[in-house]
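To convert a position in the sequence shown, counted from 1, into our numbering, add 275. Quick reminder that beta carbons are idealized off the backbone N, C-alpha and C, glycines included.
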Amino acid sequence: MPNSSQLLDQCFDEVARQAKPLLGRCVESAVASLQAAETKSSAVAERQRLAQACWGLTQRKGALIDTYPVRLREAFERGGGEGGRTSSLALLSDSSLLALVDDLSVSESLESARLLQDLMPVVEQALTALDARMSSLIGFETVQVEKNPLRPSVFVRVLRDLIAEFEREPEIRSLWLQHLASPLGRGLCQLYEQLALRLQQANVQEAGYRIRLVEDPQAGSGPASARRDPWTRDAQSFEPAVTGRGDRYEALPPMTALAGTQARVDHQVFHDFLADQGDRFEQALDSGYYDQLLREQRIAQAEADLPLLDEVVVDRERVQFRGLPVVDRPARAVSIGSQLGTDHWGAYAAPHERTRVLLDLKQQAERVSQAVGLDLVRKLVNQVARDPLLLAPVREAVVALEPALLRLAMDDPRFFAKDQHPARLLVEQVAQRSFRFNDEFSGEFEQFHAPVREAVNALNALPGATPEPFAVALEHLREDWASADQAEAEAQAQHLQALHFAEARQELADQVAWEISLRPDVFNAPAAVLDFLYGSWSLVIAEAQLRHPDSGPDPLGYRALISDLLWSVRHEVTLHQPRKLIEMLPGLLQKLRAGLGMLDKPAEETQTFFDALIRYHEPVLALRRASARSQAGTSMPGALETPVVAFPETDNLAEAPRPRVADTPWLAAHERVEAGFQDAPAAVTQVEEDSAAAPLSTSSEEPDEGLETAGVLASLHVGDWVDLQASGQWLRARLVWANARATLFLFTSRGGHPHTMTRRSCEKLIRQRGLRPLAVRPVVDAAIDAVVKGVPGAPAHACVVATEAVPA
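Here it is in structure tokens:
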């Protein structure tokens, strides 16, 4: 591991390297957004300003993206006295020095403040992890977010100053920053995730949060030192302190921290809030809270007057994703700050409208619990919105539902902690249902999503919020889902019936084969005959018993035929009793054909046996032909004389086959179709190949690769979801059945379409990345766990497919 200074410089280098393409993408997105806004605007003056801003940004794109990395690096390393340059690490760890970038100067610019506010919901989760590790790298034992040299305000300040050099008109600068906000947030989020991962890989541990006591000079009567401010604000962070009430010492967030549009309290507060059963958070909100709330409302109103991000930009991004295979599409960024489609979500498509609902409810709040509950809802909504397991429209639905969820928190601030609360169940079950789909552009997904949108909009339209409408909405969705599930269940039952019957038949056939092997008359029997008895004929006997369960162990006499068959191939007996064999053969062959016909065995599968059987019967048949010729020549009856005939070679006893348990059940052609084998002829070959106990690794497969492939398959359990490539398409499928030996698997995709595969077929698909398991888990539980533990959400680019590490 490099030392701390080297590691910090590596982070700076990485940011400088990525800054140019990052800003380039942001400018391209902003230009497209400005063009779309110009097209939609009906006011001549506004259209002229937008056109001017678009033209100016296009002209200055090259200079901006070339200069931005240089200015960022200068900002990172700025500092030092007259005596020369001091290392970046020393500057950062020296608490007596000012921060690299004066955040107060950023707040002087309304444009910068707005840009920061737009960025924070997008980068918040990734920034949390980076703050903790960067503080540790610099040398702090506790998190010092204001000392993180890569905090968003640095990027905003540098960009604002750089834009000011190229554009003197404030209105044009404001338009540039406004349309740069969304793509810059997404770019910084990915950058922060990469840097946090780099520090983690370098074994940089996370710093913790500290609790400290501070005096409150405005704490009313009594000595100032005896009263404590619940929290203190340290630049951008809030640190919990303790407040004394009698003999109890309990942490509470500061009142002003509860008045914002973003949660500004530590994750421990949410942990304690959800776990608390007493009156700890029932303290009344003070005047400082309402004063801060007024300031927040003024800022929110100013943002509401700004033009919205044009939906054409979002649609263009969606079209770009649409051209990619579903398994290769990056998770589109969605958060509480996202602009949603107005055609789907109406007024609440705009982030400032959802923020307005939050602030209006905070204005009505009277207790700390209500304010914390509102912040918790927004935090959880944002956490679910960033879950890359969910398709973007599903996450957008959760964001759109935020107003209705916020209203619930006024009467029941801790409702998300209740497993059976209708609102929590609605979010969770919609999320779980969505795992059936992997393509947001498919017609099947639209059929699922349209009723969800209707339910969300109906809940948002209610003036108040009680649990009952959520329960009704969920029940209606369940009714819609149940009708589709019923058809799928019936189709699935048919597929499983074929597989269950084949499994039971194979199990019984294996038992019959073992019983046959114990018969004394199999001694020195030909190998071809024993192969037939242990294989095909055992299946025939098992089929007959399963079809006629109440007719004894040999309902159609197929067991009794074994004695005749084995006798017929014993030359030392049949040559002395040729007439008996000749009389027996027609019935024997007819019954063999009938049994195999009942099994629907293809003729080519048993042709080898019948060819061998003819060879073993040939001596007696040749004897009969010779006798017939002799009688025809003399016309005199007499005893048969044995002519010279060629006998088939007798199989060596040591080489005689023994019965073995089949790895994979045999299936007839129609059973393969019912079970969902896509290519019947290929399935036959594959099943037969699987019947041989082949090793997991072949000559073309490395041992480690084979073990890892087998491990991925072994990790699959009934109910797990996978992305499956079938007939050139990527389908979302679920494992619904596997046999006891894990050699045969049934997956079903949308509509109950079956996909039955052998073990080797599955392993081949895994190696070729045509079968990718999904790490599905409860969505709301994961979000709550992340919020109360302060764990950042899964990165949008993180691979949740279990086969990611399997070599192609």
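**Asked** Just the Cα atoms here: how many angstroms apart are Ser-280 and Ala-646?
**Response** On the sequence shown, position 5 is the one that residue 280 refers to. On the sequence shown, position 371 is the one that residue 646 refers to. If I take the Cα positions, the gap works out to 42 Å.
**Message:** Please return the same chain residues whose Cβ sits closer than 7 Å to the Cβ of Val-673, not counting the five positions on each side in sequence.
**Reply:** Counted from its first residue, the sequence shown places residue 673 at position 398. If we look at Val-673 and ignore the five residues flanking it on each side, its Cβ neighbours are Val-656, Val-659, Ala-660, Val-702.
**Prompt:** What is the DSSP secondary structure of Ala-784, counted as helix, strand or coil?
**Reply:** By one-based count along the sequence shown, residue 784 stands at place 509. In this structure, Ala-784 counts as helix in the three-state DSSP scheme.
**Asked** DSSP puts Trp-1012 in a beta bridge; with which residues?
**Response** Your numbering for residue 1012 matches position 737 in the sequence shown. Answer is Leu-1021.
**Item:** Inter-stretch contact (C-beta, 8 Å, three-pair minimum) for the segment 280-293 and the segment 336-350
**Value:** Counting Cβ pairs under 8 Å, three or more are found: they touch.
**Span of the alpha helix (DSSP H), counted from its first residue to its last, around Leu-666** = The residue labelled residue 666 in the question sits at position 391 within the sequence shown. Membership of Leu-666 in any alpha helix (DSSP H) is not indicated, and neither H nor E is assigned to it by DSSP.
**Asked** When DSSP labels each residue in this structure, what does His-892 get in the three-state scheme?
**Response** Along the sequence shown, read from residue 1 onward, the residue named residue 892 stands at position 617. In the structure shown, His-892 sits in a helix (DSSP, three-state: H, G or I).
**Prompt:** Leu-840: which of Asp-714, Leu-867, His-851 sits nearest, CA to CA?
**Reply:** Sequence index remark: in the sequence shown, residue 840 carries index 565 (1-based). When the alpha-carbon of Leu-840 is set against those of Asp-714, Leu-867, His-851, the nearest one is in Leu-867.
**Prompt:** Apart from the five residues on each side of it in sequence, which residues of its chain come closer than 6 Å, Cβ to Cβ, to Leu-1086?
**Reply:** Missing from the structure shown is residue 1086; the chain here goes from 276 to 1083 and no further.
**Message:** My parser needs the alpha helix (DSSP H) runs of 4 or more residues fully inside the segment 666-710; what are they?
**Reply:** Listed in chain order, they are 667-675, 677-686, 697-709.
**Item:** Short Cβ contact (8 Å threshold) for Leu-527 with Val-669
**Value:** Stepping through the sequence shown from its first residue, residue 527 is reached at position 252. Stepping through the sequence shown from its first residue, residue 669 is reached at position 394. Not a contact, by the Cβ cut-off of 8 Å.
**Request:** Could you please give the first and the last residue of the uninterrupted alpha helix (DSSP H) stretch that includes Thr-1031?
**Result:** Working through the sequence shown from its first residue, we reach residue 1031 at position 756. If you look at Thr-1031, you'll find it isn't in any alpha helix (DSSP H); it sits in the beta strand (DSSP E) that goes 1028-1033.
**Message:** Is it buried or exposed, Val-919, if we count other Cβ atoms within 10 angstroms and call 16 or more buried?
**Reply:** By one-based count along the sequence shown, residue 919 stands at place 644. Because the pLDDT at Val-919 is just 45, under 50, the model does not fix this residue reliably, and the value given afterwards should be weighed accordingly. So Val-919 ends up on the exposed side.
**Item:** Start-to-end residues for the beta strand (DSSP E) that takes in Gln-1000
**Value:** Position 725 of the sequence shown, counted from the start, is the residue given in the question as residue 1000. Looking at the DSSP string, the run of the beta strand (DSSP E) that includes Gln-1000 is 996-1001.
**Request:** From the DSSP output, read off the bridge partner residues of Arg-1047.
**Result:** Within the sequence shown, residue 1047 is the residue found at index 772, counting from 1. The bridge partners DSSP lists for Arg-1047 are Asp-998.
**Request:** From the DSSP output, in three-state form, read off Gln-1004 for me.
**Result:** Counting from one through the sequence shown, the residue named residue 1004 turns up at place 729. Strand at Gln-1004.
**Prompt:** Are the beta-carbon atoms belonging to Leu-1088 and Arg-682 less than 8 Å from one another?
**Reply:** A query on residue 1088 cannot be resolved here, the shown segment of the chain reaching from 276 to 1083 and no further.
**Message:** For Met-530, which residues in the same chain have their Cβ closer than 7 Å to its Cβ, ignoring the five residues on either side in sequence?
**Reply:** Your numbering for residue 530 matches position 255 in the sequence shown. Its chain contains Leu-560, Asp-561, Gly-563, Tyr-564 as the residues whose beta carbon lies nearer than 7 Å to that of Met-530, once the 5 sequence neighbours on both sides are disregarded; these appear in chain order.
**Asked** Which two residues bound the contiguous alpha helix (DSSP H) that contains Val-1054?
**Response** As a working mapping, residue 1054 is identified with position 779 in the sequence shown. Start and end: 1054-1064.
**Item:** Separation of Leu-850 from Tyr-891, as counted between CA atoms
**Value:** Here residue 891 corresponds to residue number 616 of the sequence shown, with the count starting at 1. Here residue 850 corresponds to residue number 575 of the sequence shown, with the count starting at 1. Roughly 11 Å separates the two Cα atoms.
**Request:** Report the residue ranges of all alpha helix (DSSP H) runs contained in full by the segment 729-800; include only those spanning at least 4 residues, in chain order.
**Result:** If we require 4 residues or more, the alpha helix (DSSP H) runs fully inside the segment 729-800 come out as 742-792.
**Asked** Under 8 Å, do Gly-994 and Arg-1009 count as touching if we go by C-beta distance?
**Response** Locating residue 994 in the sequence shown gives position 719, where the first residue counts as 1. Locating residue 1009 in the sequence shown gives position 734, where the first residue counts as 1. Using a Cβ distance threshold of 8 Å, Gly-994 and Arg-1009 count as a contacting pair.
**Request:** Go through its chain and collect everything with a Cβ distance to Pro-932's Cβ below 6 Å, but skip five positions before and after it.
**Result:** For the purposes of this step, residue 932 is identified with residue 657 of the sequence shown, where counting begins at 1. Correct list, in chain order: Ala-802, Leu-805, Asp-806.
**Prompt:** Alpha carbon to alpha carbon, what distance is there between Ser-613 and Ser-371?
**Reply:** Taking the sequence shown and counting its residues from 1, the one referred to as residue 371 is at position 96. Taking the sequence shown and counting its residues from 1, the one referred to as residue 613 is at position 338. Residue placement at Ser-371 is flagged as unreliable, the pLDDT there being 34, under the threshold of 50; a coordinate-derived value is accordingly withheld.
**Item:** Of the residues Lys-876, Arg-426, Ala-800, the one placed nearest Val-844, counting alpha carbons only
**Value:** As a working note, residue 844 is residue 569 in the sequence shown. Val-844 has its Cα closest to that of Ala-800, out of Lys-876, Arg-426, Ala-800.
**Nonlocal neighbours in the same chain, by C-beta distance under 6 Å from Arg-604, ignoring five residues either side** = Counting from one through the sequence shown, the residue named residue 604 turns up at place 329. Hits under 6 Å: Phe-596.
**Asked** Can you find at least 3 beta carbon pairs, one from the segment 853-868 and one from the segment 826-842, that sit closer than 8 Å?
**Response** A contact exists between the segment 853-868 and the segment 826-842.
**Message:** My output table needs one value for Thr-417: the three-state DSSP class, helix, strand or coil.
**Reply:** Here residue 417 is taken as the residue at index 142 of the sequence shown, counted from 1. Three-state DSSP puts Thr-417 in a strand.
**Prompt:** Exposed or buried, which one is Thr-1023 when buried takes at least 16 other CB atoms within 10 Å?
**Reply:** Along the sequence shown, one-based indexing puts residue 1023 at 748. Under a 10 Å Cβ-count criterion, Thr-1023 is classified as buried, with 16 or more other Cβ atoms of the shown protein chains found around its own Cβ.
**Item:** Check whether Leu-771 and Trp-941 have beta carbons under 8 Å apart
**Value:** The residue given as residue 771 occupies position 496 in the sequence shown. The residue given as residue 941 occupies position 666 in the sequence shown. For the 8 Å CB-CB criterion, Leu-771 and Trp-941 do not form a contact.
**Asked** Is the segment 414-432 in contact with the segment 300-313, if contact means three or more CB pairs nearer than 8 Å?
**Response** Result no; under three Cβ-Cβ pairs closer than 8 Å.
**Request:** Under 8 Å by Cβ, that's how I've got Val-609 and Glu-671 pegged, so tell me the actual separation to the nearest angstrom.
**Result:** Counting from 1 along the sequence shown, the entry for residue 609 is found at position 334. Counting from 1 along the sequence shown, the entry for residue 671 is found at position 396. Confirmed, about 6 Å.
**Item:** Proximity test, Cβ basis, 8 Å: Ala-757 and chain B
**Value:** Of the protein chains in this structure there is only one, and it is not chain B.
**Prompt:** To the nearest whole angstrom, what separates the beta carbons of Leu-774 and Ala-950, a pair I think is in contact under 8 Å?
**Reply:** Residue 774 sits at position 499 when you count from the first residue of the sequence shown. Residue 950 sits at position 675 when you count from the first residue of the sequence shown. Their Cβ separation, rounded to whole angstroms, is 5 Å, which keeps Leu-774 and Ala-950 in contact under 8 Å.
**Item:** Proximal residues to Val-418 (C-beta, below 6 Å), its chain only, five neighbours per side dropped
**Value:** As a first step, residue 418 is located in the sequence shown; it is residue number 143 there, counting from the start. Only Asp-406, Ala-407, Ser-410, Ala-482, Tyr-484 meet the Cβ criterion.
**Asked** Excluding sequence positions up to five away, which residues of its chain have a Cβ less than 8 Å from the Cβ of Ala-365?
**Response** As a working mapping, residue 365 is identified with position 90 in the sequence shown. Bear in mind that the predicted position of Ala-365 carries a pLDDT of just 43, short of 50, making it too unreliable to give a figure here.
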